Amino acid sequence: MPRMLDVSQDVRAEIGDDEADRLLVGDDTPGSYDCTSCRTPGDSDQERTSTVLFIGDETAVLAFAHATCIPSQVVKVAEDQLQGAVRSITGSEQKNTEGRMPEQAVLGITSGLVLIEDDVRPALVVEPTGPVARPGTDGTGGDEFLQLLLEQGFHPTPDLNRLPAALPGWSVLLAVGQLHAVLQPGSGGGNPVAWWQAHQPLQVTDGWRAAVNKSQTVLVFAAPAGTIGQQPREDLLRDALEKAAVNGVLVAASMPLAGT
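Going by our numbering, the letters in the sequence shown line up with residues 19 to 278, in that order.
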């Protein structure tokens with residue numbers, strides 16, 4: 019029975035048509051898996067599932083995720099990080115094709131509307147899928163995600179009822195009503211580069227688009243992995259944000275809109 023599997027063109031290009039076709043008919047796909055995004059069980063027989071290919075310089079690891087968490091995509095990681103993840107999972111340095119995933123965080127973004135200072139504001143909530151290590155370290159220092167953002171200019175947000183300050187040089191790219199990227203200043207004052215980029219442009223609601231067209235500003239909130247989660251309603255999203263703010267694990271910044 020065919021699996022409910024999504025294989026993106028990028029993943030297909032890396033693994034080849036034959037392997038992609040075998041996955042789609044269920045030959046090389048485990049029915050059950052642990053989602054590489056939210057870490058909870060999934061079943062490709064019962065729910066849409068994304069293939070996620072982690073690639074180092076010499077090693078590749080094929081993992082699976084709920085399609086509602088992240089789309090099928092290729093994620094490039096440092097070879098030493100990928101080898102370490104494979105060793106911790108399999109006890110060897112051989113290529114792993116059994117659906118296990120390395121502990122490589124991927125940034126997830128959720129859009130929503132948040133009421134602040136008596137006005138409905140367009141917001142993005144950034145939450146990685148796992149702990150984020152400081153570049154160049156082995157991750158033993160713990161989750162550095164918030165500290166890294168503070169160093170880049172994000173602001174601690176203990177109160178969700180006040181607008182976060184602007185972050186100079188950063189912007190949110192919207193094109194033809196779809197979310198494409200969060201941009202940060204380029205090194206040495208060069209052109210902006212993508213801090214986060216959608217594998218495929220993300221749809222936003224008409225209400226979100228109307229709010230951002232009015233304000234020309236997007237509020238970007240960020241919290242460590244496991245703090246906010248996938249909230250099905252905006253009132254639940256706000257509750258999760260308020261809890262994170264009270265617990266001191268929420269940072270934010272206001273960014274101008276780039277594009278239309």
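No residue lacks a Cβ here, since even glycine has one placed at the ideal position from N, Cα and C. A quick note: this is a predicted structure, and the numbers were derived from the prediction, not measured.
Beta-carbon separation (whole angstroms), residue i vs residue j, contact threshold 8 Å
i, j, result
"Leu275", "Leu192", "6 Å"
"Val150", "Leu166", "7 Å"
"Ala271", "Ala183", "7 Å"
"Val70", "Val43", "Incorrect: roughly 19 Å between the Cβ atoms, too far for contact."
"Thr245", "Ala262", "5 Å"
Identity of the residue in the options nearest residue i by Cα
i, options, result
"Val25", "Ala83, Gly74, Ser90 and Asp61", "Ser90"
"Leu133", "Leu181, Thr223 and Phe72", "Leu181"
"Asp177", "Glu260, Ala78 and Ala38", "Glu260"
"Gln249", "Val236, Thr128 and Val29", "Thr128"
"Val264", "Ala38, Asn179 and Thr223", "Asn179"
"His173", "Val222, Asp253 and Leu237", "Leu237"
"Val124", "Cys53, Gln64, Gly171 and Leu185", "Cys53"
"Glu32", "Ala78, Thr58 and Gln64", "Ala78"
Residue j beta carbon less than 8 Å from that of residue i
i, j, result
"Gly130", "Glu145", "no"
"Phe239", "Thr175", "yes"
"Ile88", "Ser62", "no"
"Val143", "Leu41", "no"
"Gly247", "Ala258", "yes"
"Ala241", "Leu268", "yes"
Any non-hydrogen atom of the ligand NAP within 7 Å of residue i CB
i, result
"Thr86", "The ligand NAP is not part of the structure shown, which contains no ligands of any sort."
Own chain, CB closer than 7 Å to residue i, minus 5 neighbours either side, in chain order
i, result
"Arg227", "Gly195"
"Gly225", "Leu131"
"Ala229", "Leu131, Val138, Arg139 and Pro140"
"Ser106", "Any reading at Ser106 must be qualified, since the residue scores a pLDDT of 38, below 50, and its modelled position is unreliable; the value itself is stated next. Here the set comprises nothing."
"Gly204", "Pro210 and Val211"
Cβ shell of residue i (< 6 Å), same chain only, five flanking positions each side left out
i, result
"Trp188", "Gln202 and Met273"
"Arg66", "Met22 and Ala85"
"Ala199", "Leu191, Ala212 and Gln215"
"Pro219", "Gln196 and His198"
"Arg152", "Glu162"
"Gln27", "none"
"Glu252", "Gly130 and Leu131"
"Gly171", "Leu185"
8 Å CB neighbourhood of residue i in its chain, flanking five on each side removed
i, result
"Arg30", "Ala38"
"Glu135", "Asn179, Arg180 and Leu181"
| query | Can you give, in chain order, each stretch of the beta strand (DSSP E) that sits fully within the region 204-277 and has at least 3 residues? | reply | Runs of the beta strand (DSSP E) inside the region 204-277: 211-221, 235-240 and 269-277.
| query | Unbroken alpha helix (DSSP H) runs of length 4 or more, entirely within the region 131-171: which are they? | reply | If only complete runs of 4 or more residues are kept, the region 131-171 shows the alpha helix (DSSP H) at 163-170, in order along the chain.
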